[in-house]
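J.: Residue numbers (the numbering used here), protein chains in the order written: chain A, 1 to 112; chain B, 1001 to 1115. No residue lacks a Cβ here, since even glycine has one placed at the ideal position from N, Cα and C. My structure is below; once you've seen it, I'll send some questions.
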C-alpha cells in the first residue's frame, strides 16, 4: 500500500472548519483513500473513504485532487469532541491486502 | 448493542503466563482482525481471519495465536508473555466480500500490562 504523509499536529477553533491534509504521491490506480480517527483511549473510528471523486457524509467531506496525489479531510464545524488523532490511509479496496497500515497521523486539537 | 466487543478491558499479568483476549462482533462481517498499539501509539496489524481462514500474518511471534471458533469470534491467545507484549490490543471486523472498500469497525481495546 502507498505511504502517506500528514502533519504531526494541527489546532482548530471550535465551530470553524478543520482541514486536514494528506499526501499520497505514490498511490496506485486501484487504491482508495481512507480516513480514520482515534479519540484518546478508544478504538479507531472510520470517517470516510474515496477513490477519485469527492465524498461527503454526515461526519466529514473528502476532497481528492485530480491527480490523486493528495487529499483533504474537512470537518465543517469542529467541536471539542473532534479532538483526536486523524489517520489517512491508502489501500486496495478488495483482495488479499485487507490490512490497514496506520501511520503516525495528525493530532487535531479543537480549541474552545 | 455493541458492534465489536472485547474482554477483558484491562489485563495485568506476570511474565511467562499464558492469557487470552476475546473478541466478538455482531455485525455479520466475514473478516476479523487483531491490531497492536504500542506505547508510542503506532497501530500495527497482527492477524486477520476471513471465513475461518488466516489470510494475513505479519511478523508476529508464534507465541501469539488467533483462534476463531466461528465467524463472529476471533480470540487472541498469548503464550509465555514478555514485558514487550505490554500494549493495547484492538479487535476489528469488516465485510470484505461483495461490495468493495468497506470500513473496519474497531472494538474498545484491551490494555495488557505484563509485569
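Is residue 80(A) buried or exposed, if buried means 16 or more other CB atoms sit within 10 Å of its CB?
T.: It is exposed - the Cβ of residue 80(A) has fewer than 16 other Cβ atoms within 10 Å.
J.: Distance, Cα to Cα, residue 1006(B) vs residue 68(A)?
T.: Their Cα atoms are separated by approximately 37 Å.
J.: Just confirm the distance between the C-beta atoms of residue 109(A) and residue 72(A), as a whole number of angstroms; I'd bet it's less than 8 Å.
T.: Going by Cβ atoms, the distance from residue 109(A) to residue 72(A) rounds to 18 Å, so no, they are not a contact pair.
J.: Should the stretch 1019-1028 of chain B be called in touch with the stretch 1076-1090 of chain B, which here means at least 3 C-beta pairs below 8 Å?
T.: Result yes; three or more Cβ-Cβ pairs closer than 8 Å.
J.: Which whole-angstrom value is the C-beta distance of residue 1048(B) and residue 99(A), which I expect to be below 8 Å?
T.: Correct: roughly 6 Å between the Cβ atoms.
J.: Under a three-way DSSP split, which group does residue 1070(B) fall into?
T.: Three-state DSSP puts residue 1070(B) in a strand.
J.: Can you give the beta carbon distance from residue 1106(B) to residue 43(A), rounded, assuming they're within the 8 Å contact cut?
T.: Contact flag correct, Cβ pair sits at about 3 Å.
J.: I'd like to know whether the C-beta of residue 1066(B) is nearer than 8 Å to at least one C-beta of chain A.
T.: Not one chain A Cβ lies under 8 Å of residue 1066(B).
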